[in-house]
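Novice: I have a structure I would like to understand better, so I am pasting it below and will then ask my questions one at a time.
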Amino acid sequence: MDAAVNGLWRRSEEMSARTPHPAWQVLLLVVLVGLMTGSVFAAPDITVPALAALLALPFFCVVLIRCCAVSELLRPPPRRKSMARSARLDDASLPVYTVLVALYREADVLPGLMRALASLDYPAARLQILLALECDDLETRRVAETLDLPGNVTIVVVPDRGPRTKPKALNYALGLARGDFVVVYDAEDLPQPDQVRRALAQFQSAGPKLACVQAQLDIHNAESNWLTRQFTLEYAALFAAILPALERLNIPLPLGGTSNHFRTDVLRRIGAWDPYNVTEDADLGFRIAREGFDTATLASSTWEEAPEDFGNWFRQRTRWIKGWMQTYLVHNREPRRVLRELGWKRWLGLHVLMGSILLSILVHPWGYLLLVVDWVNGRLFAEASSPVKQWLWWIAALNLGLGYASAMMLGALAAVRKGRPGLAKHSLLTPLYWLLISCAGYRAIFQLVRSPYLWEKTAHGTSQITCPRPAVRRLRFRGGTAA
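The opening position of the sequence shown corresponds to residue 608 in this note's numbering, with each subsequent residue numbered one higher.
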C-alpha cells in the first residue's frame, strides 16, 4: 500500500503534488497579485487597459490553438487505422491486456459496467479485469458479490489509507496487473468493442516510444438539458479537434481521466499516477512527455454520461480546475529542468494549455464586471483619454472577440463532425457556460489552499437517457475471484 500512496513521491519528490510548493512560487504569486491590485486602485485608468493588453498575448495563444483545432476539423475525417498486424495474431498469441476500473459508491452502475466490459472484442483468457473497490464501500462490494463475475475479473479491495483518490486506487490495483498493456475505464463507460485491439495495433505500429494512446470520449445524454449540451460541445471540441491538433503539433496531451491505454512497463517506470493530484490524468500526460515518451489519439470512442444537475457538474469542474492548478504548479517547480526535458515547443505548449487557460478562466468574469462599471458610470462608449489607451482597449476587445468566435466555431464544427449538427447552434451560449466555469475556478482556488487533496466524487448513473449496449459475447470462464 505504501507504494500506491508514496511511490511517485519517493521516486521524484518534485514531480508529486504531495510536496509543498516552493517558497518562490508562493512569493511570486503574492507579489503579482499585490502589484496588480494596488495598481488598479492607484491608477485604474492606466492599469486596467494595460493589463487587458498584457493578457492579450496568452489569450491569443489559446485562440491559435483553437484555430489549429478548427483546421483539424476542416480536414477529411480520419480513416480508422488498420488492425491488420494484431488481426494476424491468433487469440493465444495476443499479449495480456489489463483493464483497471476504480469504483466508489457505484453499486447502481456496476452491472452495466460488467456488460460493457464483456462486450470487448478480446479473448477472456488474455484480458485481466481489476475492479478496485474501497474497503468501506460495502454496498458496491455487496453488488459485486451477487454478480456472476467471469473468472478473468478480480475484485481488489483498496485499504483505507489516505488520500482517498482515484489515482491511489489505480496505483494499488496496478500492483496486481499482469498485462503488457493497461487501460483505465470509469464506472459508467461504454467503450467500443474493438477499442482494445485498435489500441494494441497502434502500439505495435508506433514502436516503444509511444507510451499512451487516448481514445475519444462521447456523451450519450447530450439532450438532457442545457448543461449537458454545453458539456457535449466541450467534449466534442476537445477529443475530435484539440487533442488531434496537439498531437499533430507534437505538444503533450493533457489526458482524459478514462480510456487511456498504456504500456505497463513505461507506466510503472515513470511512477504511475500521482495519488495527491486530483487530475492525475492531465499530470500524467505531461510527465510522460518529460520522461521522453509520446502520447497519441486513438480513433475509437467510449461513451460517457455528462452530469445533468448543476451541483454534480460544479463539484466535478472544481476538482478538474484544482487539479490543473496542481499540475501547472508541479511542472513549474524547476523551470530550467522542465525546459530541458520538454524542449522549447513542448514547454510553451505546457504554458499555453495549462497557464493561459487557467488564467482565462479566472480573468473572464472581470471583463464583464468592468463593462458593467463603465456602463453604470456612463463611460462605456466614451472616447478614450489618449490614443495609447484607445489602442489598448482595441487590442483587448479584438482578443475577446477572437476568443469567442474561435470557441463558437470550434464547438459548432466539432458537433457536426461528431454527427450532431443540431447541437451546433448551442455554441452561441458558450460565454454563459464559461462564466459558470469561472465560478468553479474561484472555488478551486479556495480548495487548493484549504483542502488540496479533497476528491469530490461525481455521481454516475443518474441520467434517464440510457446508452444502447452492444451485444454481450459469452466469456470463457465463470466464477469470480477476490483479492
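A virtual CB, placed ideally from N, CA and C, is assigned to each residue, including glycine.
What is the rounded straight-line gap between the Cα of residue 632 and the Cα of residue 639?
Specialist: Spanning the two alpha carbons is a distance of roughly 11 Å.
Novice: For the region 609-627 against the region 867-883, are there 3 or more C-beta pairs whose distance is under 8 Å?
Specialist: At 8 Å Cβ cutoff, the stretches touch.
Novice: Look up residue 811 in the DSSP assignment and say whether it is helix, strand or coil.
Specialist: Residue state, collapsed to three classes: helix.
Novice: Label residue 1015 either buried or exposed according to how many other C-beta atoms from any shown protein chain fall within 10 Å of its C-beta, with 16 as the threshold for buried.
Specialist: When all chains shown are included, residue 1015 counts as buried.
Novice: Taking the CB atoms as reference points, tell me whether residue 949 and residue 657 lie closer together than 9 Å.
Specialist: Not a contact, by the Cβ cut-off of 9 Å.
Novice: For the alpha helix (DSSP H) containing residue 933, list its first residue and its last residue.
Specialist: Counting along the chain, the alpha helix (DSSP H) containing residue 933 begins and ends at 917-937.
Novice: Could you give the DSSP three-state label for residue 1067: helix, strand or coil?
Specialist: If DSSP states are grouped into helix, strand and coil, residue 1067 belongs with coil.
Novice: Going by CA-CA distance only, name the one from 1059, 788, 683, 813 that's closest to residue 729.
Specialist: Here the closest residue by C-alpha is 788.
Novice: At what residues does the alpha helix (DSSP H) containing residue 674 begin and finish?
Specialist: Note, residue 674: alpha helix (DSSP H), 663-681.
Novice: To the nearest angstrom, how far is the alpha carbon of residue 879 from that of residue 755?
Specialist: So the alpha carbons of these two residues sit roughly 31 Å apart.
Novice: State the start and end residues of the unbroken alpha helix (DSSP H) segment that holds residue 833.
Specialist: 833-844 is the extent of the alpha helix (DSSP H) around residue 833.
Novice: Find out if the Cβ-Cβ distance for the pair residue 902, residue 874 is shorter than 9 Å.
Specialist: For residue 902 and residue 874, no; Cβs fall outside 9 Å.
Novice: Could you check what DSSP says for residue 871 in three-state terms: helix, strand or coil?
Specialist: Helix.
Novice: Since residue 862 and residue 825 should fall inside the 8 Å C-beta cutoff, what is the C-beta to C-beta distance between them, to a whole number of angstroms?
Specialist: That belief does not hold up - the Cβ atoms of residue 862 and residue 825 are roughly 16 Å apart, past 8 Å.
Novice: Give me the Cα-Cα distance between residue 821 and residue 850, rounded to the nearest whole angstrom.
Specialist: The straight-line gap from Cα to Cα measures roughly 9 Å.
Novice: May I ask you to report which of helix, strand or coil DSSP gives residue 1072?
Specialist: Residue state, collapsed to three classes: coil.
Novice: Run through the DSSP bridge pairs and tell me what residue 911 is partnered with.
Specialist: 826.
Novice: If you drop the 5 nearest sequence neighbours on each side, which residues of the same chain put their C-beta closer than 7 Å to that of residue 894?
Specialist: Cβ neighbours of residue 894 beyond the five flanking positions: 622, 877.
Novice: When you compare the CB positions of residue 1034 and residue 1047, do they come within less than 9 Å of one another, or not?
Specialist: In this structure, residue 1047 does not lie closer than 9 Å to residue 1034 by Cβ.
Novice: Mind checking which residues open and close the alpha helix (DSSP H) that includes residue 1054?
Specialist: Element bounds for residue 1054: 1037-1057.
Novice: Bridge partners for residue 653 per DSSP, in chain order?
Specialist: None, per the DSSP bridge assignment.
Novice: Hey, residue 956 and residue 1007 are a contact pair by Cβ (cut 8 Å); roughly how many whole angstroms apart?
Specialist: At roughly 23 Å, the Cβ-Cβ gap does not stay under 8 Å, so residue 956 and residue 1007 are not in contact.
Novice: Where do the ends of the alpha helix (DSSP H) carrying residue 746 lie?
Specialist: It spans 745-753 - the alpha helix (DSSP H) in which residue 746 sits, taken as one unbroken run.
Novice: Quick one: is residue 963 buried, meaning 16 or more other Cβ sit within 10 Å of its Cβ, or exposed?
Specialist: Under this definition residue 963 is a buried residue.
Novice: Among 1017, 1026, 929, 1042, which residue has its Cα nearest to the Cα of residue 1135?
Specialist: The structure shown does not extend to residue 1135, since the chain spans only 608 to 1090, so no value can be given for it.
Novice: In its own chain, which residues sit with a C-beta less than 6 Å from the C-beta of residue 608, not counting the 5 before and 5 after it?
Specialist: Hits under 6 Å: 766, 768.
Novice: What's the gap between the Cα of residue 677 and the Cα of residue 708?
Specialist: Going from the Cα of residue 677 to the Cα of residue 708 covers about 33 Å.
Novice: State the start and end residues of the unbroken alpha helix (DSSP H) segment that holds residue 725.
Specialist: That run of the alpha helix (DSSP H) goes 717-725.
Novice: What are the partner residues of residue 858, as DSSP defines its beta bridges?
Specialist: Answer by DSSP bridge pairing: none, since residue 858 is not bridged.
Novice: Just to confirm before moving on: does the CB-CB distance between residue 904 and residue 799 stay below 9 Å?
Specialist: Against a cut-off of 9 Å, the Cβ pair of residue 799 and residue 904 comes out as no contact.
Novice: Between 1001, 934, 1040, 924, which lies nearest to residue 1050 when the distance is taken from Cα to Cα?
Specialist: Checking every option, the nearest Cα to that of residue 1050 belongs to 924.
Novice: Which residues in the same chain have their Cβ closer than 8 Å to the Cβ of residue 817, if we skip the five residues on either side of it in sequence?
Specialist: Excluding residues within five positions, the ones whose Cβ falls inside 8 Å are 809, 810, 870, 900, 901, 902, 903.
Novice: Taking all protein chains shown into account, do 16 or more other C-beta atoms lie within 10 angstroms of the C-beta of residue 663, making it buried, or fewer, making it exposed?
Specialist: Buried, by the Cβ-count rule.
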